[in-house]
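I have placed the structure first, in the form of structure tokens, so that the comments after it can refer back to it.
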Amino acid sequence: MNDQIRFGIMSCASIVPRFVRGLEECGLGTAAAIASRSGEKAQRTAEELNIPRAYGSYEALLEDKDIEAVYIPLINSLHAPWAEKALLAGKHVIMEKPFVLHEAEAIRLAQLAEEKRLFITEAVKTPFLPVYSRIKEILNEHALGEIRFMHFRQSYTGGSYITGWNTEKESGGGVLIANEAYFFHMTEFLAGRIISCAGSASFGPSVEDQCSISVMTENNVLASLFVSSKVLFQNGLTIWLDHGRIEIPDYWKASEAFVYEADELKEHISFPCRYEFRYELEHYCRLIREGCLQSPVTPVANSGRYIGMCEQLYRQWEDGTRKP
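As structure tokens, this is what we get:
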């Protein structure tokens, strides 16, 4: 397609292949260039993923006038500064989660994007997954009554979440900041605006390695999140309603869900997909081509507000819960 959005990818992070394949499957964008602080690594990744151009610096990628938009999956502390540089270079921005580390940064980036007439968003795939389209239909039918409680569960006991920059406070590490986007976005997507938030955490040497968060929405729905890098348990989301429940394994990338009335299975929702990024990218690429500046599903104001809630929790933990 000649009208594909030409993306530059700012990093060779492990998430990048899924982003590239998602672009290929959605058909509305293409990976035109990739950059790393190591030119050799960028070239190797470009060859593996069939990306035409590779750069040994992020600055060089932003100077490429053929690039229309950038995807930023850098370490968390680098999100805001490089998004600002990308906007100043005239590029649309899709930023990996978390959008930023401070609410003030989100406000500043939204203002800059509006001034430059450029699109900006946090890359949140979950609300666009077909499984949730069907779940929303079920909720709107009210056959199972109203949502009363939602419980989100996420366990990381291996890999990068317990090593490297994810354990460094100055880099934006910690299990809350790694998971807040899915929890807050999906709570409001399913149950309305959050009106209160509280939580507690346990800490490793530098950052929280477990946290438990509870919120209330405007529709009188309670939701909780438990995240741990210390213990292994089954990941998922349970939505409890008056007359049943919905179980969603691996809720953040859901390809299936199980709908129960009382304890009887009534429906198995199944939407297999190799690369779940395709659905959000279809949405974002269309908005860019239409000249939109933000997504109505993942607006920057929401991303900033959620980070603001995280900042409040971190301040409470630093003042009281966390031991020196």
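Here the sequence shown is numbered in this note's numbering, starting from 3 and rising by one per residue.
We put the CB at the ideal spot given by N, CA and C, even for glycine.
Since the structure is predicted, the reported quantities are computational estimates derived from the model, not experimental observations.
Secondary structure of residue i, DSSP reduced to three states
i: TYR184; result: helix
i: HIS94; result: strand
i: PHE101; result: coil
i: THR323; result: With a pLDDT of 49 at THR323, under the threshold of 50, the modelled position of this residue cannot be trusted; read the value that follows with caution. In the structure shown, THR323 sits in a helix (DSSP, three-state: H, G or I).
i: ILE11; result: strand
i: MET3; result: No answer about MET3 holds up, because its pLDDT of 49 lies below 50 and its placement is not dependable.
i: ALA82; result: helix
i: ASN157; result: A small fix is needed here, since residue 157 is Ser in this sequence, not Asn. Strand at SER157.
i: LEU295; result: coil
i: GLY31; result: strand
i: LEU120; result: coil
i: GLU278; result: coil
i: SER16; result: coil
i: HIS285; result: helix
i: VAL126; result: coil
i: LEU131; result: coil
i: THR300; result: coil
i: LYS67; result: coil
i: GLY194; result: coil
Alpha carbon of residue i to alpha carbon of residue j, nearest angstrom
i: GLU26; j: ARG8; result: 12 Å
i: PRO274; j: SER257; result: 5 Å
i: LEU146; j: HIS245; result: 5 Å
i: PRO83; j: GLU292; result: 27 Å
i: GLN296; j: THR123; result: 6 Å
i: ILE197; j: ASN222; result: 9 Å
i: THR189; j: SER216; result: 11 Å
i: GLY176; j: GLU266; result: 38 Å
i: CYS14; j: GLY166; result: 16 Å
i: VAL302; j: ALA48; result: 30 Å
i: MET12; j: LEU234; result: 32 Å
i: HIS270; j: HIS153; result: 19 Å
i: ASN237; j: PHE228; result: 10 Å
i: ALA200; j: LEU315; result: 7 Å
i: SER272; j: PRO298; result: 26 Å
i: GLU170; j: LEU178; result: 13 Å
i: GLU284; j: ALA125; result: 12 Å
i: CYS213; j: ASP321; result: 16 Å
i: GLN113; j: ALA264; result: 48 Å
i: HIS81; j: ARG23; result: 22 Å
i: GLU143; j: ILE248; result: 14 Å
i: ASN78; j: ALA180; result: 9 Å
i: ARG55; j: TYR73; result: 15 Å
i: THR219; j: LEU239; result: 17 Å
i: ARG324; j: ILE53; result: Because ARG324 sits at a pLDDT of 45, beneath the cut-off of 50, its placement in the model cannot be relied upon, and the point is left open.
i: ILE96; j: ALA183; result: 14 Å
i: THR32; j: GLN6; result: 6 Å
i: LEU90; j: LEU51; result: 28 Å
i: SER38; j: LEU76; result: 10 Å
i: THR159; j: LYS67; result: 42 Å
i: LEU289; j: CYS28; result: 14 Å
i: PRO326; j: ARG280; result: Any reading at PRO326 must be qualified, since the residue scores a pLDDT of 33, below 50, and its modelled position is unreliable; the value itself is stated next. Taking the straight line joining both Cα atoms gives about 44 Å.
i: ARG195; j: ARG276; result: 32 Å
i: ALA85; j: ARG20; result: 21 Å
i: ARG119; j: ILE69; result: 16 Å
Integer Cβ distance of residue i from residue j, believed to fall under 8 Å
i: ALA34; j: LEU64; result: Not confirmed; about 13 Å, so no contact.
i: LYS255; j: GLU278; result: 5 Å
i: ALA44; j: TYR57; result: 6 Å
i: ALA121; j: CYS294; result: It is worth fixing the name first, because residue 121 is Phe in this sequence and not Ala. With 8 Å as the limit, PHE121 and CYS294 qualify as a contact, their Cβ atoms being about 6 Å apart.
i: VAL261; j: ILE140; result: 6 Å
i: GLY116; j: LEU243; result: The sequence shown places Glu at residue 116, rather than the Gly named in the question. Going by Cβ atoms, the distance from GLU116 to LEU243 rounds to 39 Å, so no, they are not a contact pair.
i: ASP211; j: LYS232; result: 6 Å
i: LEU30; j: CYS287; result: 4 Å
i: VAL133; j: ILE250; result: 7 Å
i: ALA225; j: ALA193; result: 7 Å
Bridge-paired residues (DSSP) for residue i
i: ILE149; result: LEU243
i: ILE251; result: It should be noted that the sequence gives Pro, not Ile, for residue 251. Looking at the DSSP assignment, PRO251 forms a beta bridge with GLY238.
i: ILE36; result: ILE11 and ALA56
i: ILE271; result: ALA259
i: TYR73; result: ILE11 and ILE96
i: CYS199; result: VAL217
i: GLU210; result: PHE205
i: VAL229; result: GLN156 and CYS213
i: LEU224; result: PHE151 and MET218
i: GLU172; result: Per DSSP, none; premise fails for GLU172.
i: GLU266; result: GLU263
**OP:** Determine, using beta-carbon pairs with one atom in the segment 93 to 112 and one in the segment 301 to 310, whether at least three such pairs fall under 8 Å.
**Re:** Touching, per the Cβ criterion.
**OP:** State whether the segment 200 to 216 contacts the segment 124 to 143, with contact taken as three or more CB pairs (one from each stretch) at a distance under 8 Å.
**Re:** Taking 8 Å as the limit for Cβ pairs, the verdict is that the segment 124 to 143 does not touch the segment 200 to 216.
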